[in-house]
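Chains as they are written, first to last, in this note's numbering: chain A, 77 to 216; chain B, 77 to 216. Every residue gets a Cβ at the ideal spot worked out from N, C-alpha and C, and that includes glycine. Owing to the predicted nature of the structure, the values given are computational and were not obtained by experimental measurement. One structure is given below, encoded as structure tokens.
2 protein chains.
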Amino acid sequence: MKKITIGEAARRSGVKVPTVRYYESICLLAAPSRSEGNQRSFEPADISRLAFIRHARELGFEIEAIRTLLTLQDDPHQSCASADAIAKARLIEVEQRIRSLMALKAELETMVEGCGHGRVDQCRVIEVLADHGQCTHAHH
Amino acid sequence: MKKITIGEAARRSGVKVPTVRYYESICLLAAPSRSEGNQRSFEPADISRLAFIRHARELGFEIEAIRTLLTLQDDPHQSCASADAIAKARLIEVEQRIRSLMALKAELETMVEGCGHGRVDQCRVIEVLADHGQCTHAHH
DNA sequence: CTACATCCTCTAGCGACTAGAGGTGCAAGA
DNA sequence: TCTTGCACCTCTAGTCGCTAGAGGATGTAG
């Protein structure tokens, strides 16, 4: 068999080497077999799992959510209701975060536009921060 | 004089009690005077400063950026160019984050829509996570 | 055989708090 | 005056998801 080193696994999955070891340490990835000299030797399935984790992390899923998703993936006969629920929850989070960021964006734009590039005592950036009541865009 | 306790300061500024102590510990807030019994006694100016910090944190500014903004606020004769630069940088960050979250939202929607609520082996949520190539929306 | 890259384990650090232990201060009611 | 009970104090350690570095072993190419 080909032996996949941790560096190779990292390169193929897009997960960094220390992160691979970290995932093993928190049991998100099964401990792989070792070479004579105690070096990790991964299987192709490990690469897929790492890619799965990486993609899920990119989508902002938390490690515990990913743990659940991986458990589901490991047993394909289960109902996918949990997976669906996790994805939906994440979608709602993302939508909320976008709304909140849009509000921040508007507020930052007002601040930046209002800045006359003069001295601090006329600066709208400082002023708005000092007094939330001056915000044209209330949030939350 | 009225003595403002830490609890009162927290309530008025919207910053939690332990967080106020934390801000003091990292010198974002000057150490207030103490009562006979060693309890903190804040001034109205401290409340304003805490509110400033809180608002800036809500806008996503990092502590070090806030430290700079506070230094500027403390000396109103300085040019506000730094404040402007900090706000602009933050605006660019926020815009980037919004774009990235919109891409994630699209991907999550595809996943959730594709889920037939059956078993895991037909679940699009799991499938898409397992194989990034299936994403209809490439990001980054 | 000698470089040199890559691997190993282990501990500590990041940011911005948050939680908890174990103890003290203080104001109000009985 | 005493007691109840909340708010305060300091200190340490934990959170999340890694990341960095020390100090050493292994593996490979020339």
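Answer yes or no: do residue i and residue j have a C-beta to C-beta separation smaller than 8 Å?
i                         : j                         : result
isoleucine 202 of chain B : glutamine 172 of chain A  : no
valine 196 of chain B     : glutamine 154 of chain A  : yes
leucine 104 of chain A    : isoleucine 142 of chain A : yes
arginine 175 of chain B   : methionine 187 of chain B : no
cysteine 191 of chain B   : aspartate 151 of chain A  : no
Rounded to whole angstroms, what's the CA-CA distance from residue i to residue j? Just pull it up for me.
i                            : j                         : result
glutamate 185 of chain B     : leucine 167 of chain A    : 7 Å
histidine 215 of chain B     : alanine 106 of chain B    : Unreliable positioning characterises histidine 215 of chain B in this predicted model, as indicated by a pLDDT of 42, which lies under 50. The coordinate reading is nonetheless provided below. Rounded to whole angstroms, histidine 215 of chain B to alanine 106 of chain B spans 44 Å at the Cα level.
threonine 144 of chain A     : histidine 193 of chain B  : 17 Å
alanine 165 of chain A       : aspartate 207 of chain B  : 21 Å
serine 111 of chain B        : glutamate 183 of chain B  : 57 Å
histidine 213 of chain B     : leucine 177 of chain A    : Because histidine 213 of chain B sits at a pLDDT of 47, beneath the cut-off of 50, its placement in the model cannot be relied upon, and the following sentence gives the value as read from the coordinates. Their backbone Cα atoms lie some 21 Å apart in a straight line.
proline 120 of chain B       : glutamate 100 of chain B  : 16 Å
alanine 86 of chain A        : valine 204 of chain A     : 46 Å
arginine 133 of chain A      : lysine 78 of chain A      : 28 Å
isoleucine 139 of chain B    : isoleucine 82 of chain B  : 21 Å
glycine 113 of chain B       : isoleucine 102 of chain B : 23 Å
phenylalanine 137 of chain A : glutamine 198 of chain A  : 43 Å
leucine 146 of chain A       : threonine 147 of chain B  : 48 Å
threonine 95 of chain A      : threonine 95 of chain B   : 31 Å
Figure out for me which residue from the options has the closest Cα to the Cα of residue i.
i                            : options                                   : result
glutamate 84 of chain A      : A:Thr144, A:Ile123 and A:Leu205           : A:Ile123
glutamate 169 of chain A     : A:Val204, A:Asp151 and A:Leu135           : A:Leu135
serine 109 of chain A        : A:Arg87, A:His131, A:Ile80 and A:Lys164   : A:Ile80
leucine 189 of chain B       : A:Glu138, A:Glu140, A:Ser117 and A:Ala157 : It is glutamate, not leucine, that sits at residue 189 of chain B in the sequence shown. The candidate whose alpha carbon is nearest that of glutamate 189 of chain B is A:Ala157.
phenylalanine 118 of chain B : B:Gln198, B:Leu180, B:Arg97 and B:Ala179  : B:Arg97
leucine 180 of chain B       : A:Thr95, A:Ile102, A:Ile82 and A:His131   : A:His131
If we count Cβ pairs, one from each stretch, closer than 8 Å, do we get three or more for the segment 91-99 of chain A versus the segment 116-132 of chain A? Under the three-pair Cβ rule at 8 Å, the segment 91-99 of chain A counts as touching the segment 116-132 of chain A.
Mind listing, in chain order, the continuous alpha helix (DSSP H) runs of no fewer than 4 residues lying wholly within the segment 93-151 of chain A? Listed in chain order, the complete alpha helix (DSSP H) runs (minimum 4 residues) inside the segment 93-151 of chain A are 93-101, 120-134 and 139-150.
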